[in-house]
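Asker:
Residue numbers (this note's numbering), protein chains in the order written: chain A, 1259 to 1508; chain B, 1259 to 1508.
1. Measuring CA to CA, which of A:1362, A:1385, A:1365, A:1443 is closest to residue 1371 (chain A)?
2. Would residue 1392 (chain B) and residue 1435 (chain B) be called neighbours here (beta carbons separated by less than 8 Å)?
3. Taking the beta strand (DSSP E) that residue 1333 (chain B) belongs to, which residues open and close that run?
4. What in chain B is Cβ-close to residue 1401 (chain A), meaning under 7 Å?
5. Along the chain, where does the beta strand (DSSP E) that runs through residue 1293 (chain A) open and close?
6. Show which residues of chain A have a CB atom less than 8 Å away from the CB atom of residue 1427 (chain B).
7. Out of B:1504, B:1270, B:1493, B:1265, point me to the one whose CA is closest to residue 1375 (chain B)'s CA.
8. Between which two residues does the beta strand (DSSP E) harbouring residue 1449 (chain B) extend?
9. List the residues of chain A whose Cβ lies closer than 8 Å to the Cβ of residue 1511 (chain B), in chain order.
10. Considering Cα atoms alone, identify which of A:1314, A:1291, A:1380, A:1267 is closest to residue 1422 (chain A).
11. Interface residues of chain A around residue 1295 (chain B) at Cβ under 9 Å?
12. Are the CB atoms of residue 1463 (chain A) and residue 1451 (chain A) nearer to each other than 8 Å?
13. Would you check if the segment 1440 to 1450 of chain B and the segment 1271 to 1281 of chain B touch, i.e. whether three or more CB-CB distances between them fall below 8 Å?
14. Could I get the ranges of all uninterrupted beta strand (DSSP E) runs contained in the segment 1401 to 1461 of chain B, with 3 residues as the minimum, in chain order?
15. Please list, in chain order, all residues of the same chain as residue 1433 (chain B) whose beta carbon is under 7 Å from its beta carbon, the five residues on each side excluded.
16. Would you tell me roughly how many angstroms separate the C-alpha atoms of residue 1488 (chain A) and residue 1429 (chain B), rounded to the nearest one?
17. What is the DSSP secondary structure of residue 1278 (chain B), reduced to helix, strand or coil?
18. Which of helix, strand or coil does DSSP assign to residue 1505 (chain A)?
19. Can you list, in chain order, the residues of its chain with a C-beta nearer than 6 Å to that of residue 1468 (chain A)? Leave out the 5 residues immediately preceding and following it.
20. For residue 1402 (chain A), is the classification buried or exposed, using 16 other Cβ atoms within 10 angstroms of its Cβ as the cut-off for buried?
21. Can you confirm whether residue 1476 (chain B), when its beta carbon is compared against all beta carbons of chain A, has any partner nearer than 8 Å?
22. Under a CB-based cut-off of 8 Å, is residue 1479 (chain A) close to chain B?
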């Protein structure tokens, strides 16, 4: 499984991914799911990948080759992020279709694209295995790939467009930590990329191993605060139970 | 969708369920999912239900009729909670099978059974649509039905066998609140039943409507504490980004 988060803020972008892949519980490996394209100084592009590893590796290889060979349609020639999402969708669909036709097995994968092209706003897209894609909204400034449910409440609680890059980064780490606690197939190292709007230089790219002191500090602090919060919740001794006439009894 | 939690503690049992059913987004209704059997003073039994509403209503009706008609195998004649789980599994499988054979549509449902028979320990079982069942463990003292992921981290964080009944009740309400925040198909009223071990009298049965002042207090207090926790997380300004040689760049 996989867990990736992409957040699009007024201040820029924050992308976070785990690094665990598995093909069955005895075939667990570590692969980076974060890929940056920095061959054109007028843009910053990051791709996150989830799903069948052969498919995502094939897509990234194809995309990289299209850049290197100077194909007419590649990451550097398209001038709208939506067009780049469309292009990635086409590459993805072709890769999946080939193997589906040959074997009947559908090696599904999903991509996330974050970035900015000079003269336009930064944005974030999620690209489905069918090749179509969605973006974030003002109300929901984030997208998730993979094992998304455990870590969603904390994102819903804290993220708005106005959230700072560092707060969004911390929120992503808490969300990732909750997910790793509840699902064994999401695992470290965690990669995180922070892109301040209109920068177009190398973004800040972090990697947190399982024993990273900062990750452990976040985990412990969060657990301590939640324990204190839990212990201080209002008691409900005063609440009145229902009488038997109001419930399903037989 | 549905969200139900059953917690088995040294001190007794806590069962919580939402009340929303839906068959498509324009067919949303409110049905209690909590059913108590109190026709034999040597036992306290509670059944929670999730899944196809026709199946769960049919199962409860059959179970109630078996009690009323004094069938040899019913909730009052079986003396082990596991045997009652087995019986519920048989009723469930038969109900599902009949409709599957007639139409091909599989109206799946899942049950939870909590309770205590005199002379034995209280316990909690989850009964699958296939009729088999599992119980809680010392390490995982709870079971969940339905939309379980959003609310799982908070249960993992706070529940042990030694947790008090009231703490488990509060934990369940927080878990339910997180789930309702992230999933529109889980909704109030929330029913909660607290059964202190070896009591064998009517358990405390609560119902929390959407605007219940205590539920609102829990929600606000939890949100306030989490906001404070979030604002006090250690900053990671000091963390060193990776150099470009360590990441996937092209």
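Ideal placement from N, C-alpha and C gives every residue a C-beta, glycine not left out. Bear in mind that the values here come from a model prediction, so they are computed numbers and not experimental data.
Answerer: Per the coordinate set shown:
1. Reading the first chain from its first residue, position 113 is the one you call residue 1371 (chain A). Checking every option, the nearest Cα to that of residue 1371 (chain A) belongs to A:1385.
2. Residue numbering aside, residue 1392 (chain B) sits at position 134 when the second chain is read from its first letter. Residue numbering aside, residue 1435 (chain B) sits at position 177 when the second chain is read from its first letter. For residue 1392 (chain B) and residue 1435 (chain B), no; Cβs fall outside 8 Å.
3. As a working note, residue 1333 (chain B) is residue 75 in the second chain. Premise fails: residue 1333 (chain B) is in no beta strand (DSSP E) and is neither H nor E.
4. Position 143 of the first chain, counted from the first residue, corresponds to residue 1401 (chain A). In chain order: nothing, as chain B lies at least about 15 Å away.
5. Within the first chain, numbered from 1, the residue matching residue 1293 (chain A) stands at position 35. Element bounds for residue 1293 (chain A): 1292 to 1295.
6. Here residue 1427 (chain B) is taken as the residue at index 169 of the second chain, counted from 1. What residue 1427 (chain B) touches in chain A: 1494.
7. Residue 1375 (chain B) sits at position 117 when you count from the first residue of the second chain. Of the candidates B:1504, B:1270, B:1493, B:1265, the one whose C-alpha sits nearest the C-alpha of residue 1375 (chain B) is B:1270.
8. Residue mapping note: residue 1449 (chain B) aligns to position 191 of the second chain, counting from 1. It spans 1448 to 1454 - the beta strand (DSSP E) in which residue 1449 (chain B) sits, taken as one unbroken run.
9. The requested residue 1511 (chain B) is not part of the displayed model; chain B covers only 1259 to 1508.
10. As a working note, residue 1422 (chain A) is residue 164 in the first chain. For residue 1422 (chain A), the nearest C-alpha among the options comes from A:1267.
11. On the second chain, position 37 is the one that residue 1295 (chain B) refers to. Taking the beta carbon of residue 1295 (chain B) as reference, the chain A residues within 9 Å of it are 1507, 1508, listed in sequence order.
12. Taking the first chain and counting its residues from 1, the one referred to as residue 1463 (chain A) is at position 205. Taking the first chain and counting its residues from 1, the one referred to as residue 1451 (chain A) is at position 193. Yes, Cβ-Cβ distance for residue 1463 (chain A) and residue 1451 (chain A) is below 8 Å.
13. yes
14. 1448 to 1454
15. For this step, residue 1433 (chain B) is matched to residue 175 along the second chain. If we look at residue 1433 (chain B) and ignore the five residues flanking it on each side, its Cβ neighbours are 1263, 1409, 1412, 1413.
16. Residue mapping note: residue 1488 (chain A) aligns to position 230 of the first chain, counting from 1. Residue mapping note: residue 1429 (chain B) aligns to position 171 of the second chain, counting from 1. Cα-Cα distance, rounded: 8 Å.
17. Within the second chain, residue 1278 (chain B) is the residue found at index 20, counting from 1. Three-state result, residue 1278 (chain B): strand.
18. Start at 1 with the first residue of the first chain, and residue 1505 (chain A) comes out as number 247. Coil, per DSSP.
19. As a working note, residue 1468 (chain A) is residue 210 in the first chain. If we look at residue 1468 (chain A) and ignore the five residues flanking it on each side, its Cβ neighbours are 1446.
20. By 1-based counting over the first chain, the position of residue 1402 (chain A) is 144. Result: buried.
21. Locating residue 1476 (chain B) in the second chain gives position 218, counting from the first residue. It does; some Cβ of chain A falls within 8 Å.
22. Numbered from its first residue, the first chain carries residue 1479 (chain A) at position 221. Chain B contact via Cβ: present.
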